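Only one structure is covered here, and it is reproduced in the block below.
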Amino acid sequence: MSGEAVGLIKNQLPLSQLVARYAQLERRGNRMAACCPFHNEKTPSFYVDDNKGFFHCFGCGKGGDLIAFAMEMEQLPFQEALVFLAELAGVELPETRTKGPSRDQQTSLFAINQAAAQYYQKQLRTHSIARDYIQNRGIDKNSMELFGLGWAPEAWESLVTQLKSEYPESVLASCGLFKQGRNGFYDLFRERVIFPIADAQGRLVAFGGRRIDQEQPKYINSPESPIYTKGRHVYNLNLAKAYLKKEPNLIIVEGYMDALQLFQAGFGNVVASLGTAFTPEQARLIKRYAQTIFINFDGDAAGFKAARASIETLLAVGAQLKVITLPDNLDPDDFIRQQGPAAYREQLNQAPDFFEFLTTYYAEKGSMSDPAHQSMVVNEMGAILVKASDEIVREHYLNRMAEFVGLSLSLVKKVLKEESKSQPASPKRQTSAPVTRPWANKLEQEFLFLIMHQPNWAESMEPKQQMILSQLTQHLFADRPFLTELIQNEHTDFNAWLESVPETHRPSLRALFFSDEYQVDPERLTHLIPDLTRQMIRNRIEINTQAIKACPASDQARKRSLWQQNIKWNERLHQLDAAEET
């Protein structure tokens with residue numbers, strides 16, 4: 005991908021315009037602030053600067069440019085993030101070679117899915133058996149159209165006949181809509197209600213199909229394809245995102261019909277898992293959009309098992325969880341049709357947190373006076389709680405579990421530790437590099453803040469002052485060449501410079517840029533030069549003093565030279581002090 009194309013995207017699409025799709029920004033001087041879209045907070049600590057083109061969150065430490073935001077927010081790899089941003093910016097990108105599908109291949113696959121969806125929708129309009137089934141399930145015409153529901157007729161080659169003249173065989177083979185037989189391709193979906201599956205950006209990536217009789221498997225889904233990986237998508241997130249901006253609480257259900265019924269009943273903040281339990285990729289995806297997640301799976305044993313597994317996965321990404329258990333083992337689809345939206349809203353408002361849900365279940369399964377039941381609860385429930393990403397949260401719930409089972413916290417931890425030893429070792433989590441500050445003291449910190457905001461300041465200095473600044477820079481920041489580059493304004497793009505900085509220093513520099521501790525003042529920079537000069541002189545005096553102490557007694561000439569240098573440096577200090585007093 006050419007740098008020119010990336011630059012064009014950034015010129016056409018301000019960072020604030022992208023961020024505003026996910027968070028409500030408010031202007032604060034020359035920058036904008038919002039509650040961070042990457043973690044839950046009530047007071048804004050997330051800042052955006054369009055002039056520099058980067059963001060930083062003081063709460064979670066995340067930061068970067070337009071591309072970094074898109075990659076993190078949409079969970080996209082670099083190339084896909086560029087394509088996503090180019091579409092928003094109206095920029096045409098040059099083709100590049102990547103390990104994944106080419107852009108032409110992606111475009112063809114999205115296009116054939118769109119064509120298939122239109123075909124299925126047309127078939128639904130002409131097949132009353134399918135329309136009647138959907139309407140009898142309580143789904144109205146508006147919802148059918150909004151969700152793009154369709155019908156795959158019983159003929160073996162109805163769709164492939166429709167599309168084979170428009171798309172090459174390579175696309176037909178890889179799109180997931182067809183199977184290869186002895187005589188060519190035939191349709192995967194036949195005699196099924198069709199549910200199009202979109203990614204978070206609204207692009208069709210796959211389909212689900214449901215039989216309306218009981219003769220074959222009830223549901224089948226598209227196989228994986230170059231644009232669809234199982235476990236990376238959730239159903240209806242593309243529509244739910246708009247509702248999550250107003251109400252950042254997300255409802256997770258199991259099936260397509262559950263999601264359709266809830267959405268139609270006014271609960272737009274609903275997604276379906278496209279399976280049973282959530283994968284880590286799905287958990288990270290939905291965590292970007294929601295503060296609290298409500299799990300509402302079926303009320304039977306299989307539903308509890310799926311809910312328990314989902315709790316474990318979602319806890320690992322730091323989600324706040326509640327669990328809805330509907331009466332009479334009803335699923336959300338049946339409950340809405342039988343009792344209506346108001347009753348479901350009541351269930352939503354009364355939903356316990358995940359811990360209360362688990363303790364209620366285990367209390368009904370046995371007595372805590374039974375050591376065997378205690379052991380089972382500690383091992384099963386503890387295996388979930390130890391996955392909590394936050395250490396304080398983890399300790400809190402382990403303590404509550406110990407109280408629930410009537411055992412000491414130390415014993416509970418001992419049991420869980422022994423249990424973990426018997427389990428196969430899991431891959432070590434990759435940890436972020438530690439954050440460090442590239443300045444030595446408050447004086448350097450303020451100086452760097454001012455330089456970041458006034459990169460052309462040195463150009464207005466007298467030649468003599470420029471020479472002094474150059475000497476200062478070379479001495480004070482000799483071990484930090486990236487700061488020398490910043491001070492001497494050798495970079496043409498601030499973000500490019502920031503990306504060249506060691507990763508451990510970037511969060512500190514972004515935070516410093518957005519700091520309220522200092523004011524942007526050209527005069528203040530001029531006044532800092534004497535203070536920095538004093539720092540440089542004191543540093544040199546200290547270096548010489550240490551060298552004198554290390555000199556062997558036989559090297560008196562070296563000692564005298566160092567003493568004379570220190571005398572001159574002290575004279576320079578007195579001159580600076582005298583000049584400031586006059």
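Under the numbering used here, the first residue of the sequence shown is numbered 5, with each subsequent residue one higher.
Glycine is no exception: its CB is placed at the ideal position from the N, C-alpha and C atoms.
Since we're looking at a predicted model, the values are computed, not measured.
| task | Report all residues from its chain with a CB closer than 7 Å to the CB of residue 451; omit the five preceding and five following residues, and keep chain order. | result | 532, 536
| task | Return the first residue and the last residue of the alpha helix (DSSP H) that residue 446 is part of. | result | 446-457
| query | In whole angstroms, what separates the C-alpha of residue 289 from that of residue 239? | reply | 12 Å
| Residues bridged to residue 242 [DSSP beta-bridge criterion] | In the DSSP output, where bridge partners are listed per residue, residue 242 has none listed.
| message | Using a Cβ-Cβ cutoff of less than 7 Å, which residues in the same chain neighbour residue 384 once the five nearest sequence positions on both sides are dropped? | response | none
| request: Let me know the secondary structure DSSP gives residue 327 once reduced to three states. | output: Under the three-state reduction of DSSP output, residue 327 falls in the strand class.
| request: Identify whether residue 345 lies in helix, strand or coil by the three-state DSSP scheme. | output: helix
| said: On the DSSP letters alone, give me the boundaries of the beta strand (DSSP E) that residue 1 sits inside. | reply: The requested residue 1 does not occur in the structure, where the chain is confined to residues 5 to 586.
| request: Could you tell me which of 464, 322, 98, 208 sits nearest to residue 396, measuring between CA atoms? | output: 322
| message | Quick check on residue 152: buried or exposed, where buried means 16 or more other Cβ atoms within 10 Å of its Cβ? | response | buried
| What did DSSP end up calling residue 3 once you bin it into helix, strand or coil? | What is shown of the chain runs 5 to 586, which leaves residue 3 out entirely.
| field | Cβ neighbours of residue 517 in the same chain (closer than 6 Å, five flanking residues each side left out) | value | 456
| query | Going by other Cβ atoms of all chains shown within 10 Å of its Cβ, with 16 needed for buried, is residue 429 buried or exposed? | reply | Reliability fails at residue 429, whose pLDDT of 46 lies under 50, so the model's placement of it is uncertain and the value that follows must be treated cautiously. With fewer than 16 Cβ atoms within 10 Å of its Cβ, residue 429 is classed as exposed.
| Per DSSP, residue 69 forms a beta bridge with which residues? | 58
| query | At which residue ranges does the region 276-318 contain complete alpha helix (DSSP H) runs of 4 or more residues, listed in the order of the chain? | reply | 284-291
| Is there contact between the region 36-56 and the region 115-125, where contact requires at least three CB pairs shorter than 8 Å? | Cβ pair count under 8 Å is below three, so no.
| message | So, with DSSP's three-state summary, where would you put residue 187? | response | Residue 187: coil per DSSP, three-state reduction.
| query | From residue 327 to residue 524, what distance separates their C-alpha atoms? | reply | 50 Å
| Identity of the residues DSSP links to residue 211 by a beta bridge | Looking at the DSSP output, residue 211 shares a beta bridge with 200.
| said: Is the separation between the beta-carbon of residue 61 and that of residue 73 shorter than 8 Å? | reply: no
| Sorted by chain position, which residues of the same chain lie with C-beta nearer than 6 Å to residue 449's C-beta, five sequence neighbours on each side aside? | Contacts found: 443.
| Residues in its own chain within less than 7 Å of residue 519 by CB, not counting five upstream and five downstream? | When the five nearest sequence neighbours on each side are left out, the beta carbons in the same chain lying within less than 7 Å of the beta carbon of residue 519 are those of 453, in order along the chain.
| task | Go ahead and pull the three-state DSSP assignment for residue 501. | result | helix
| query | Distance, Cα to Cα, residue 436 vs residue 500? | reply | Residue placement at residue 436 is flagged as unreliable, the pLDDT there being 48, under the threshold of 50; the coordinate-derived value follows with that caveat. Looking at the two C-alpha atoms, the distance is approximately 21 Å.
| Proximity below 8 Å, CB of residue 293 to CB of residue 248 | Their beta carbons are under 8 Å apart, which means residue 293 touches residue 248 by this criterion.
| field | DSSP beta-bridge partners of residue 253 | value | 296
| Apart from the five residues just before and just after residue 251, which ones in its own chain have a Cβ nearer than 8 Å to its Cβ? | 273
| message | For residue 566, count the other beta carbons within 10 Å of its own beta carbon; 16 or more makes it buried, fewer makes it exposed. Which is it? | response | buried
| task | Thinking residue 209 and residue 231 are a contact (beta carbons under 8 Å), I'd like their distance in whole angstroms, please. | result | 5 Å
| task | Kindly indicate the opening and closing residues of the beta strand (DSSP E) around residue 30. | result | 30-32
| Applying the criterion that 16 or more other CB atoms from any shown protein chain within 10 Å of the CB defines a buried residue, is residue 191 buried or exposed? | buried
| said: Since residue 405 and residue 415 should fall inside the 8 Å C-beta cutoff, what is the C-beta to C-beta distance between them, to a whole number of angstroms? | reply: With 8 Å as the limit, residue 405 and residue 415 do not qualify as a contact, their Cβ atoms being about 11 Å apart.
| query | Which residues mark the beginning and the end of the beta strand (DSSP E) in which residue 216 is found? | reply | From DSSP, residue 216 is part of no beta strand (DSSP E); its letter is neither H nor E.
| query | Whose C-beta lies closer than 8 Å to the C-beta of residue 101 among residues of the same chain, with five residues either side of it excluded? | reply | The pLDDT assigned to residue 101 is 46, lower than 50, so where the model puts this residue is not dependable; a value taken from the coordinates is nonetheless given after this. Contacts found: none.
| task | Examine the Cβ distances between the region 170-189 and the region 134-144 and report whether three or more of them are shorter than 8 Å. | result | no
| field | Span of the alpha helix (DSSP H), counted from its first residue to its last, around residue 380 | value | 375-389
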